[in-house]
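The next block holds one structure in the form of structure tokens; read it before the comments.
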Amino acid sequence: MSESLSHLTAIEAEARSAFEAAADEESLKAAKAKYLGRKSPLEAAFAEGIAKAPPAEKKAFGIAFNEAKKRLQEMVEAKERALSAATPAAGPALDVTLPAASRESAKITPLPRGRLHPITRIRRDVEQIFLSMGFGVLTGPEVEDDYHNFEALNIPKDHPARDMQDTFWLEDGRVLRTHTSPVQIRAMERFRPPIRTIAPGRCFRYEAVDATHENTFYQVEGLYVDKGVSVAHMVAVMETFLKAVFETDPKVRLRPGFFPFVEPGFELDMACVFCKGAGCSVCKQTGWIELMPCGLVHPNVLRAGRIDPAEWSGFAFGLGLNRLAMLKYGIDDIRLFLGGDLRFLERVG
Amino acid sequence: MKLSIRWLERYVDLSGITPSAVGEALSMTTAEVEAVETVGPSLDKIVVAEVRKIDRHPNADRLVLVEATIGEGPLAIVCGATNLVVGRRVPLALPGAVLPDGTKIAKSKIRGVESGGMLCSRRELGLSDEHEGILLFEGAPALGAPVADVLGTGDSVLSFDHKSLTHRPDCWGHYGMARELAAIFERPLKPYLSDAELAALVSGKGPAVPAEVEDTEGCRRYSILPVAGLKVGPSPAWMKRDLEAVGLRPINNLVDVTNWVLFDLGQPLHAFDRRLLRGGKLFVRHGRPGERLKALDGIVRDCPAHGLLIADAERPLAFAGIMGGEESGITEATTETVLESANFDPIVTRRASQSLKLRSDSSLRFEKSIDPAWTPWGLARALSLLAQVSPGAEASGPMTDVYPKKASPVTVETTARFISERLGADVPAADSVALLSRLGFGASANGERIVVSVPSWRATKDVSTPEDIVEEVGRLYGYHRIPRTLPRVPASPPVVEADRRISEGLRDALAGSEGFIEVMNYTIANDRALADAGLLDAPAPRLKNSLDVEATRLRTSLAPGLLSIAKKNAKTSPAVRVFEVGEVAIPAWEKGSPWEESRLGGLLVARGDTEAIFREAKASLEAALQSIEAPAPSYAPDPAPPPWSAPGLAARVLLEGKPAGILAAVSPSTLASLEWRGAAGALFELSIPALVLAPRHPARYRPIPKFPPVTMDLAVVADEAVPCEDVAAAIREAGGGILADVRLFDLYRGAPLSAGRKSLAFTLSFLSANKTLSDKDVEKPFARIREAVKAKGWGIRENA
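Going line by line, the protein sequences match chains A and B.
Sequential numbering from 10 applies to the first sequence in the working numbering.
Sequential numbering from 241 applies to the second sequence in the working numbering.
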């Protein structure tokens, strides 16, 4: 291992001096191809070293290799910038007061068709339906404090439910909100009941990204606080909503689900709209699609919002927008949403 | 967590209910069953046969030739067993069968005689470890029937989603889930223990093992029992099969009993080797400075002061509720044990487990706050099992039970009306009482009023409010029976966030008439994108935990993400025309001030010259601003351009004099690092709150001019440094009210102009509201304009 490591270090040092010595863009390009290309001595040293390394040390060796490679890449990038900055900037400074191009003179780019992001499209669908049912639309911050993201939602410190929320923490103790539920609290802080609102927004989970998991995703929170709000109201509103989104009459079922901020808590499933409940790959042969957690607002949450649970009750839900967009537009990989590939956005817009 | 159907059937009769129906019922009533899987030997193609005749094998003394039948014609089978009896029924593995040990059965000749299969022993069927001859069925099971059905060897395992059981400390063992099934299917639940098993706890002759609990908040109950006469060896096949079914590896009979009880009742047990205890007494106490313990996983850890330890007179023995120590654990040589069955506080356990970075099946359960009433139950069940798996094992002293603060009973009062109102379904009081009783609650109704006494296993935190009772009644009542009732709401318009009109209007304009694609970039910025934008060193809030060493801080601008879109699509797109509306973090925020801001960002990259791209971006920006009725922006050179731009290329966007963002050309070196060398780019980024605050200029109709305009062209020659807007402003001022419009139509540099000079050619439109203007009418104002231009020291290019 140590032998392989020192070999790696030696190659890195050699590459650094080659990059250092490159006086123009051409020679830098050549050095880059030599030391960072696919057949570079660095890659060869890695392949050889990882094969030789005992299993316990493979990980450490892999990390060392990645770090060396990253350092070299950063150096090349810095050097590239330095070299191109050295080439004199063409022309005079820009007159920033020049008037906007008139449409007739926009010869540079033929005007393409614009596209809204699929998340925006589905969000607007959802908002429109709830607006028509008398729900407002509120937002809340993406960086949240512990109080709004956890404490006020009946997730005290040291509660095992905190494990359910794989959380990105900031160095200063704030969090990237793990759900849109903090907007429930913020809505109750701003308005007195009755409250009917939805709150779309971006959420974050500390988890590895793959075709079905994203660390950054969109939810729509729903909150309805009034006198005598019941499970029967919740199911009816959800069914009406789904009917409008999917333009069909989907069957809906409730299962018990545990979420500290609701009591009773549910998972709401919808009969698979693709196979009509017969079982297919979308519903994993179950005939049902798990769509959203929901439930009656926990009395502790109402109290955190300075609402007397003896007088008022409410329901709340959290709908995953990415999932909804994937179902509606037939998108098979959640990473596409934030992947930045314009060909994807052109195809779903 | 996995539970076995066969194991559950020890406590509740599930006959006539398929495993998938059991899973479905639990999913709909209790907790999410993620999978129902069949486990155990399949015993496919192994059927019941009858021995008709036994003859000697012609070529082998130790083999016999059996004539058997499975209901059809006779089959000749060669066999080596000596316990066969004519007329008895036996398991026969037919050709094609695969025995649990992997042996494939085929037609074959054994010592010259063809054998049509193989008669099996219990061991060959994976049911026993003993060599005991061919299995002889009692009675006469149907010929040809699958042996798996006759023996009931198959099992199904239910896998539960942990999250859905977070609030159910009682359901982390088979007994608790059996109770749910008994309630769901209305079948009786067998009592957990017999009176005799409980009595055995206190009948041990010999002294008790004393225990002292230092922190009775952290350790609610501590029960221990000495057991002697043990012989460590393998567990019986049934126990191994049970443990393997739920995903555990059998170790030895003593350890297996503790694990079996853990999965049976949900009560963690620990077994100490009694001879390794020093001082004959156990202590439950906090860690002391410098104390270290090597746990059963072989890792030595510091004992946290806030966490609890089990210790003897000299040293720590176990991390309480989490994991035992290696030194005092069970070995092959153990003959005497002290069994521990304790109840630790969930928070104390969780904190210790987190600081030790050590979790176990035990700590998982303690974190959920399990029932303190269980500790003697766990010991009693373990004791009776030990007597089975290690004959001769018995209690060598009575149980020691430290339980100073008994859990107080929990009673909840509610009403039938409350339950019905919350569910939205009419559930009479008597029905609620009946449903609750099925789950083991003590419930009684007095008119509307319902008094519920919560059983100990649900009373540790799970059930304490009327809302909790609503859930218990509702889930057993059946959520599918709740009607759908749309709420009646007043016809008042709902409240929407103030910036919604702005952000949605901008989206519509850019994705609509302006032809931009909306993108979304990560809030957690990527270091490479930051480096390309020159913002790697900019202050930004940082993550304490990140998934990627290159993504550790929050974005404070939309620019790096937008530029990275250009880079990602450099090979596949001829031009990039994108925008994003998103939140950015404000790096230096103070308590009480906003810590993030909504922004609009837009980027245009294409082959072409910088000036033209810049003016195109400006056109789209202005169109978007106009669509939301914002004031017309003005622009001033930005003295501190962002690093991805360059001095002289960046402008501040001002709305009625107040800064609202920037519009800047992307510098050639930035474009080069984005793999757009030689292209031009322009980027704008505006603050949405600034747009919300800017005065609104509502659309208003201006009458269509009744008379035609007169247009004149004027080319002004000035130094490069003179802003176009200054020239236009001077023209407008001199032109007066009759000058309706000043529009730049050409910008020219080069011969015959000297270097550093430019020609700005404008079309001037003169218009009157009262009459058709003649050339003569505009002579005077046009002359005024020429004078004004000359007075500024600028030239006029004639006949341009």
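Think of the CB as a built atom: it goes at the ideal place given N, C-alpha and C, for glycine as much as any other residue.
For A/ARG262, same chain residues with a beta-carbon under 6 Å away, outside a window of 5 residues either side, are ASP278 in chain order.
Residue state for A/PRO265 is assigned as strand, using DSSP reduced to three classes.
By the beta-carbon neighbour count (other beta carbons within 10 angstroms, threshold 16), B/THR910 is buried. Among the residues of chain A, none has a CB under 9 Å from the CB of B/GLY357; the nearest is roughly 36 Å distant. For B/CYS459, no chain A residue has a C-beta closer than 8 Å to its own C-beta; the minimum C-beta separation is roughly 17 Å.
Restricting attention to B/PHE523, B/PRO544, B/PHE854 and B/ASN1010, the CA atom closest to the CA of B/GLU531 is found in B/PRO544. Per DSSP, reduced to three states, the secondary structure at B/ALA974 is helical. Here DSSP, grouped into helix, strand and coil, assigns B/ASP671 to helix. Comparing C-alpha distances from B/LEU517 to each of B/THR651, B/GLU896, B/ILE350 and B/THR577 shows the shortest one belongs to B/THR577.
Residues of the stretch 848-859 of chain B whose Cβ lies closer than 9 Å to any Cβ of chain A, in chain order: GLY848, ASP849, THR850, GLU851, ALA852, ILE853, PHE854, ARG855, GLU856, ALA857, LYS858 and ALA859.
Among the residues of the stretch 857-884 of chain B, those with a Cβ less than 7 Å away from any Cβ of chain A are LYS858, ALA859, GLU862, TYR875 and PRO877, in the order of the chain. Annotation: B/PRO723 is outside any beta strand (DSSP E) and is labelled neither H nor E by DSSP.
Among the residues facing chain A, B/LEU984 is included, as its CB has a counterpart in that chain under 8 Å away.
Residue contact with chain B for A/ALA245: present (Cβ-Cβ distance below 8 Å to some residue of chain B). Per the coordinates, the alpha-carbon of B/LEU324 lies some 59 Å from the alpha-carbon of A/LYS68. Taken in chain order, the whole beta strand (DSSP E) runs of length 3 or more contained in the stretch 270-339 of chain A are 271-280, 297-306 and 322-329. Counting only the Cα atoms, A/GLU83 lies some 16 Å from A/THR18. Residues of the stretch 330-349 of chain A with a C-beta atom less than 7 Å from some C-beta of chain B are PHE346, LEU347 and GLY349, listed in chain order. Look at B/ASP953: its C-beta is not under 8 Å from any C-beta on chain A. For A/LEU51, same chain residues with a beta-carbon under 8 Å away, outside a window of 5 residues either side, are LEU17, ILE20, GLU21, ALA24, TYR44, LEU45, PHE74, ALA77, LYS78 and LEU81 in chain order. When the beta-carbon positions are compared, B/TYR875 and A/THR106 come within less than 8 Å of each other.
With a 10 Å radius around the Cβ and a threshold of 16 neighbouring Cβ atoms, B/ALA738 comes out exposed. One finds nothing in chain A with a Cβ atom closer than 7 Å to the Cβ of B/ILE424; even the nearest lies about 12 Å away.
Around the Cβ of B/PHE985, a 10 Å sphere holds fewer than 16 other Cβ atoms; the residue is exposed.
Runs of the beta strand (DSSP E) lying entirely within the stretch 808-868 of chain B, each at least 3 residues long, are 816-825 and 836-846 in chain order.
Bounds of any alpha helix (DSSP H) do not take in A/ASP181, whose DSSP letter is neither H nor E. Contact between B/LEU931 and B/ILE742 holds, since their C-beta atoms are separated by about 5 Å, short of 8 Å. Within chain B, no residue has its beta carbon less than 7 Å from that of A/LEU37; the closest one is some 12 Å off. Within the DSSP bridge table, the entry for B/HIS510 names B/GLU580 as partners. Between B/ALA815 and B/ALA846, the C-beta gap is smaller than 8 Å, which places the two residues in contact.
Within the model, the alpha-carbon separation for B/ILE570 versus B/LEU536 is close to 10 Å. Annotation: the continuous beta strand (DSSP E) that includes A/GLN228 extends over 225-235. B/GLN507 sits close to B/THR615, with the two beta carbons spaced by under 8 Å. Taking all protein chains in view, the Cβ of B/GLY379 is surrounded by fewer than 16 other Cβ atoms within 10 Å, so the residue is classified as exposed. For B/ASN766, the secondary structure class from DSSP, reduced to helix, strand or coil, is coil. Fewer than three beta-carbon pairs drawn from the stretch 815-824 of chain B and the stretch 781-789 of chain B are found closer than 8 Å, and the two stretches are therefore not classed as touching.
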